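One structure is given here, and the rest of the page talks about it.
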Amino acid sequence: MIQRTSDDYYFATDLQENLVIVSANMVNDFEVPSECFYDMNKYWTKLVHPDDLDGFVESIQMPESRKLNIGHDYEYRLRTRKGDYIWVRCRGQFAFDNRTEKPFLFAGTVKKLGQRNHADELTGLLNKYQFENAVKVALNRYRVDGVGGALMVFGIDNFKIVNETYNRHYGDEVLKLAARHISDVLPEGLMLYKMDGDEFAVVCPGLSQEGAIDVFENVQKAFSRPHSIEGKHIFCTISSGTVLYPQAGKDYLVLHKHAEAALDLAKRDGKNKNVIFSKESYNRWKRSLSMRDDLRLSIESDFEGFSLFYQPQVSAQNNKIIGAEALLRWRNPKGRMVSPMEFIRILEDTKMIIPVGRWIFETAVRQCKEWQKFNPGMTISINLSYEQIKEAYFKDFVVECLKKYDLNPELIVLELTETTIVSDWSNINQQFDKLRSCGIRIAMDDFGTGYSSLAYLKNLSCDIVKIDRLFVTHITEEDNHFDRQLVGITVDLCHSVNIKCCIEGVETEDEYKLLRDICHADTIQGYLFGRPESPEDFESKYFMEDRE
1 MIQRTSDDYY FATDLQENLV IVSANMVNDF EVPSECFYDM NKYWTKLVHP DDLDGFVESI
61 QMPESRKLNI GHDYEYRLRT RKGDYIWVRC RGQFAFDNRT EKPFLFAGTV KKLGQRNHAD
121 ELTGLLNKYQ FENAVKVALN RYRVDGVGGA LMVFGIDNFK IVNETYNRHY GDEVLKLAAR
181 HISDVLPEGL MLYKMDGDEF AVVCPGLSQE GAIDVFENVQ KAFSRPHSIE GKHIFCTISS
241 GTVLYPQAGK DYLVLHKHAE AALDLAKRDG KNKNVIFSKE SYNRWKRSLS MRDDLRLSIE
301 SDFEGFSLFY QPQVSAQNNK IIGAEALLRW RNPKGRMVSP MEFIRILEDT KMIIPVGRWI
361 FETAVRQCKE WQKFNPGMTI SINLSYEQIK EAYFKDFVVE CLKKYDLNPE LIVLELTETT
421 IVSDWSNINQ QFDKLRSCGI RIAMDDFGTG YSSLAYLKNL SCDIVKIDRL FVTHITEEDN
481 HFDRQLVGIT VDLCHSVNIK CCIEGVETED EYKLLRDICH ADTIQGYLFG RPESPEDFES
541 KYFMEDRE
C-alpha cells in the first residue's frame, strides 16, 4: 500500500500495461488524473520544466537488461497545480522478470527539494550539490553507453581585489553579471552551476577537448570588453580549468579536484586562459603546493634562500649607469634556483609577499646606501605588490628604514605593475601621495601590457612610466611605423605632464639609438647594457674602476 501520510510522493508503474499507481498527495499537488491511471509520461512530462525535459527523458530510459540497470536519480523543476515550479528529486528502480530479464515494474519516490538547498540565492543557478549530482548522472551514462565528456570550472580573475576595492554588494553584482554572460554563450542544452566563491561549473557530456576549447573561447569573448555595473566600468576576465572524463577520472571527487587544480594553474599562469588537465599539469600544481611550504620555511628561517639581483638602468643620453632595478630571486631548500614567474605569484596569493616585501625593501635600501660611494646619486627601483600598498603601516616602515640607513628618499623608486591595478585609484593614490611627500618616486611598470593604459596614466599618480619590451621587439623593422609612433607619442605625452620614461627590454644598439634619438626616452634598461647580476658581480662589472 502506498504511503499517504508522508511528504514524499510515491509511484509504481506496470510497464507491461503502462498502468501507474501514485500516492494521494501527488494527485493533490500535481495535474495527474487520479491515484490510478494509464500512461504516466503523457501527464508527467508536461509538468517538467522545458529546460530540464531532455535530461529527465534520458534519465528514465528503460535498460535492456538487468546488467545495464543504473536506476533513476534525477533532479528537476516540476510545475504544481498552482502553476509554480518547485525543485524535486525523483529516484526509482526497475524490477526485472527472472525469465526474460526484461523490466516489468518501475517504482520510486519524488521528494521536494527546498530552494535554499538546491539553488544559489544570488544568481538563481543550481548550486554545487546539484553540479555533483549532474556529474554523477553523466558518469552513469558513460558506464552505460561509453560516451565521455568534459567538466569545466570557471573562475573570475582578481575577484578578491574587486571585493576589496569596492564592497561585497558590488562583488555580488559582478557574480550575477558573470552568471548571465557565461550562461548566454554556453551551447544549447548545457546548464551552468554556481560553485563556491567566484566559481561556476558546467558538465558537458559528449564534449571533446576541441569542443571545450571552443566553449571557453566563447566565454572569453563575452568578457573581452568592459561592463558597466552601478555606473562604474569594470573589466574582468575569466579563467577555466577543464577535465575530460573518463581520461582524468571516473569519480566525481577526483574529477572536481583535478578541475580545481587546472583552474588554479590557469590563474597562476597569467589568467584569462583555459588549462586542460593532464598528469603533467597536475604534477606542476602539486609542485606549487609544495613550493608554498618551502617559501614559508624560507621566510621563517630569516629569509634563507632569498636574494636580490640588480639590473642596470642607464641614461639614454650618455650610457652612464644612473640606477638599477632590484629583482627578487629564490633558491628552494634543495638549492635549485626557481623562476620568479613561479614563486612570486605564490607569495602574492598567500600574502607572504608582505614580509618578503619588507625584506626586499630593507635589503635594497642597504645596498643603495653602500653603492653611493661608487656612484653618488644612483637610484634603486624596488617592485611593489598591491598587497603591500594595502598594508596599513607600510609607509611608516619605509620612513623608518630610510632613517635607519640614512638614505635620501629621492634615491628610491617604487614600481607598481600596471596589470595589478584594478580601479582603486583613490586608495592607491592616497598611499602613493604619502610616499611621494617623503621624496620617494613612483613608477608604473609594464606600461602597455594591461587594459586601457591611458586610463591608468590619467588616474595614477606617478613620476616614471616604464614602457614594456612588447613595443621594442620589432621597433627597428622598416615597415613597423606603428610601434615607433606609439612609443614616441607616449614619451611625448609623459614629458608634457612631467613624467619620465624608461624603456625596458632594449637588446640591440639599433634599438637604443632609435629610442634615444627618435623616441627621446629618458632611461634605458635591457640586456644591451646588462643582465640582472648579484651585488658582488654588479660591483665587479660596473664599479671596478671606481674601486681602483
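The numbering used here numbers the first residue of the sequence shown as 1 and each following residue consecutively. Virtual Cβ for every residue (Gly too), placed ideally from N, Cα, C. Because the structure is a prediction, the values reported are computed rather than measured.
- Ile21 is positioned such that its CB atom lies closer than 8 Å to that of Cys36.
- Counting of Cβ neighbours within 10 angstroms places Ser239 among the buried residues, the total reaching 16 or more.
- Contact annotation: the stretch 511–530 touches the stretch 479–499, with at least three C-beta pairs closer than 8 Å.
- The DSSP assignment places complete alpha helix (DSSP H) segments of no fewer than 4 residues inside the stretch 67–145 at 115–118 and 128–145, in order along the chain.
- Every beta strand (DSSP E) of 3 residues or more that sits fully in the stretch 167–251 is shown, in chain order, as 192–194, 199–205, 227–229, 232–234 and 238–245.
- Contact between Val399 and Cys438 holds, since their C-beta atoms are separated by about 6 Å, short of 8 Å.
- By the C-beta density criterion, Gly335 is exposed, having fewer than 16 other C-beta atoms within 10 angstroms.
- If you look at Gly357, you'll find it in the alpha helix (DSSP H) that goes Ile353 to Trp371.
- Annotated three-state conformation of Asp8 is coil, per DSSP.
- Boundaries for Pro333: no beta strand (DSSP E) harbours it, and the DSSP string shows neither H nor E there.
- In this structure, Gly241 lies away from Phe216, with their beta-carbon atoms at least 8 Å apart.
- Distance from the CA of Asp445 to the CA of Asp468, rounded to the nearest whole angstrom, comes to 8 Å.
- In the DSSP assignment, Gly149 falls within the beta strand (DSSP E) that extends over Gly149 to Ile156.
- When Cβ pairs closer than 8 Å are counted between the two stretches, the stretch 302–314 is seen to touch the stretch 527–536, the count reaching three or more.
- Taking 8 Å as the cut-off, the beta carbon of Leu113 is found closer than this to the beta carbon of Arg89.
- Counting along the chain, Gln525 sits inside the beta strand (DSSP E) bounded by residues Thr523 to Gln525.
- For Phe397, the enclosing alpha helix (DSSP H) starts and ends at Phe394 to Lys404.
- When the Cα atoms are used, Pro33 and Pro103 turn out to be separated by approximately 25 Å.
- For Ala24, there is no enclosing beta strand (DSSP E); the residue is found in the alpha helix (DSSP H) stretching over Ala24 to Asp29.
- Closest in C-alpha terms to Gln209, from the list Ile234, Tyr245 and Phe529, comes Tyr245.
- Per the C-alpha coordinates, the member of Glu164, Gly55 and Ala324 positioned closest to Leu190 is Gly55.
- The beta carbon of Tyr405 is closer than 6 Å to those of Val365, Arg366 and Lys369 in its chain, skipping five residues each way along the sequence.
- Here the alpha carbon of Gly197 sits roughly 18 Å from the alpha carbon of Leu253.
- Under DSSP, the beta-bridge partners assigned to Ala326 are Tyr310 and Ile382.
- The residues Leu192, in chain order, have a CB closer than 6 Å to that of Ser183 in the same chain once the five nearest residues on each side in sequence are set aside.
- In the DSSP assignment, no residue is bridged to Ile299.
- By the CB criterion at 8 Å, Ile234 and Ala326 fall outside the cutoff.
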